[in-house]
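Report on the structure given below.
Chains as they are written, first to last, in this note's numbering: chain A, 1081 to 1507; chain B, 1081 to 1507.
Right, dumping it as structure tokens:
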């Protein structure tokens, strides 16, 4: 048997083990799951020696391969970061267990009791890139929602992830969870990912976390369900009836507070009736963070007298672009309808906001914009599981089926219909 | 431009028209949707002349092509059947509108009001086979749930469907619905279906209705979400502690009441401790409908003395087979665990039942069986949108994501997060 065949065989063994573990996990008590998470949190700290030693190996190898400083920083673990990861894990243990909830239970005229019971999805595979905290993060959320998990991290963090998964499995075992509920693919051969994506007999859902290349490749090749988010092209429409100071603060926060994430602002649409009073104030505020403004003709005419601004004439590619940087596109529109049309054409269905004091404009925006999250008078930066009160998230979905927006514990579950009879037959 | 290019262009025009209509449909009032359905119901009867004339053409062509009697019967419309279809449409209009429901609304510590609002999926495409009533049925459910619909029926019913869709569009228009919310693909070229399945820019969900060939082909080729059910391999486990008369009635109903449908019984698993008293009674009852029993060795030993029964030794292929006929496989098991193992191995995740008076056995079965619908002491034939109180269904899902079991109006919707602020920004 050559090396690839042996890895493939091992992958299938791990898949079967995860599936077998998932059966018991499906109805394990909340206490046991909570204890497993608390064990993980404490073991990450008591066994920090082996984790940090493994991480040093990854770091040294990455540095030798001339990885950039930003990526090196994402890969690096130290005691403080481990404490943060442990705290996040303890926080998941405080969330309500979504599994077992019975809902929509009714008694039919024939006496049948029919309702839905929330159950885990089964086996979830996560395919992700360099940050080792994702290993703990995803495992904690999947275990808390009763799912077995198959983890496939990046090759840059192979030593860190191996050490961390060892800790997680031991911690699960000590709490009375089947340790096979966490599986780790320690072979980072890419061909093996494609084999994984064909294992729809054991895997119920794949979650890719990483860049657009990874996400698109998983989407195209997976034979099971995939939940992805990824691209957020976010607009804020400043209506004619906006409170100008509020609009400046919201636009500034949405663009500047953290510009490298999917819920950050990309395009400001501003009504022509307020553009002359709003845009100079907005531009002055954004300029404090050196935001580059890609302006349409009318915005340019309004702003160009201020020579200190970083102004660039907008080109067609600026509309619908996710900048992930301190850049914003600015367009003046003549009506709410034009703004809605622009968002429909260029939005990615992630997060869209209107700033207005006009009740009817706010209601129309809420009704007519088709996106995971639609805001009135707030920053799109709030699109986040923690901010929405879900406690934690595995990602943000821009799909319409199953779950939309931040994916918390509940979104990692499904339901089954339970029917309690007393001998009923269908007439 | 050749014929195919022109059809493809027309398909894209229809797709765009459906998408444009879906925007207005998304927030149209319940009154208008109800009126459209009531108009459809009455127009189907007042315009029965043109519908029945079109149906006669389809029937004549099908007969000339030597279509079998069962298929011919499915294709045929008469006044009584039109009255039935109209009544079903009126029934959909009495169901609660799922769209617009706001739920899980909470106020966060910073004053943001965050919640979910139920909205239509957008544009749904239905690809289905010969029965013309499906055209009305699916259109009614999609319209009531606020979705635009693209219908692609079989070529055998092209005249009937063309007439029916004409009636539906006029009825929608008269009620104030955009008539473009219902699109009909009148070109039955198969290549065009593949083009349709690539239109993920306008279609949010595809529902295939028909045989396994159609369903698998749609699943493989669709670039958008697909909800399918299809195969139901249904077990009934008769536990050691079952009430024998109740078990006989339930097994008989599940097998005999309508054997050609997905929720009909395929395999009886019976505990060895009750097999000798149960199986002869069950076999005698099933024999009244001439059910053929595919028996494992132990069941055969128990039953073979009754020479009037239709007994066949079970072969490996009988386990996990959806018979869709008056055939049942019978297996004697030594424990609940063995029954659960068999169901896990051979079930299709559709409907599974236990008959028992043992509380703990019932609870274990409910917890441990992973299927869309899990029954205690009732016939699996109840798996149906109408029987479950959903009013109507577009199908039965055996998927785990989005929706499981009967798909009613609510399952044709999604939600968006709505966030009502007063100037909040993220710290």
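Beta carbons are placed, not taken as given, at the ideal position from N, Cα and C, and that holds for glycine.
Would you check if there are 3 or more beta carbon pairs closer than 8 Å linking the segment 1352-1361 of chain A to the segment 1466-1479 of chain A?
no
Determine the extent of the beta strand (DSSP E) in which residue 1193/B is found, giving its start and end residues.
1193-1200
Spatial distance of residue 1411/A from residue 1399/A (CA atoms)
9 Å
Are there 16 or more other CB atoms within 10 angstroms of the CB of residue 1291/A, so buried, or fewer, so exposed?
exposed
Closest residue to residue 1472/A among 1485/A, 1460/A, 1481/A (Cα-Cα distance):
1485/A
Measuring alpha carbon to alpha carbon, tell me which of 1233/B, 1225/B, 1264/B, 1193/B ends up nearest residue 1458/A.
1193/B
Hey, could you find the ends of the alpha helix (DSSP H) residue 1151/B is sitting in?
1149-1155
My output table needs one value for residue 1445/A: the three-state DSSP class, helix, strand or coil.
helix
Roughly how many angstroms lie between the CA atoms of residue 1260/A and residue 1309/B, to the nearest whole one?
31 Å
With DSSP collapsed to three states, give me the class of residue 1215/B.
helix
Inter-residue CB distance, residue 1133/B and residue 1319/B (contact presumed, cutoff 8 Å)
About 57 Å separates the two Cβ atoms, so there is no contact after all.
Among 1115/B, 1285/B, 1206/B, nearest to residue 1251/B - alpha-carbon criterion
1115/B
Residues that residue 1314/A contacts on chain B, provided the C-beta gap is smaller than 8 Å
Chain B residues near residue 1314/A: none, gap ~13 Å exceeds 8 Å.
Quick one, are the C-beta atoms of residue 1232/A and residue 1277/A less than 8 Å apart?
no
What runs of the beta strand (DSSP E), each 3 residues or longer, lie entirely inside the segment 1317-1358 of chain A?
1345-1351
Can you tell me whether residue 1189/B is buried or exposed, with buried defined as 16 or more other CB within 10 angstroms of its CB?
exposed
If you run the structure through DSSP and keep just helix, strand and coil, what is residue 1479/B?
coil
Determine the direct distance from the alpha carbon of residue 1212/A to that of residue 1435/B, and round the result to whole angstroms.
49 Å
In terms of residue numbering, what span does the beta strand (DSSP E) encompassing residue 1498/B cover?
1493-1504
So with CB distances below 7 Å, who are the chain A contacts of residue 1188/B?
1469
Can you tell me where the alpha helix (DSSP H) with residue 1107/B in it begins and where it stops?
Unbroken run through residue 1107/B: none, as it is neither H nor E.
In chain order, which alpha helix (DSSP H) runs of at least 4 residues are fully inside the segment 1277-1317 of chain A?
1292-1301
Distance between beta carbons of residue 1240/A and residue 1131/A, contact taken as under 8 Å:
7 Å
Any idea if residue 1128/B is buried or exposed, counting beta-carbon neighbours within 10 angstroms, 16 or more meaning buried?
buried
Counted within 10 angstroms of its Cβ, other Cβ atoms place residue 1215/A as buried (16 or more) or exposed
buried
CB contact check: residue 1509/A to chain B, cutoff 8 Å:
Nothing in the structure corresponds to residue 1509/A, since chain A is present only between 1081 and 1507.
The segment 1090-1110 of chain A: which residues have C-beta closer than 8 Å to a C-beta of chain B, in chain order?
1103, 1106, 1107
Starting from the beta carbon of residue 1284/A, find every residue of chain B whose beta carbon is closer than 9 Å, and list them in chain order.
1480, 1481
From 1123/B, 1176/B, 1198/B, pick the residue whose C-alpha is nearest to that of residue 1163/B; which is it?
1123/B
If we call anything under 8 Å between Cβ atoms a contact, is residue 1120/B one with residue 1462/A?
no
Between 1301/B, 1255/B, 1173/B, which has its C-alpha nearest residue 1222/B's C-alpha?
1173/B
Could you tell me which chain B residues have their CB closer than 8 Å to the CB of residue 1447/A, listed as they occur along the chain?
1106, 1107
Please confirm whether residue 1228/B has its beta-carbon closer than 8 Å to some beta-carbon of chain A.
no
Taking its Cβ as the centre, do 16 or more other Cβ atoms sit within 10 Å of residue 1340/B, making it buried, or is it exposed?
exposed
Using beta-carbon positions only, say whether residue 1423/B and residue 1449/B come within less than 8 Å of one another.
yes
Where residue 1417/A and residue 1247/B are concerned, what is the direct C-alpha to C-alpha distance, given to the nearest angstrom?
32 Å
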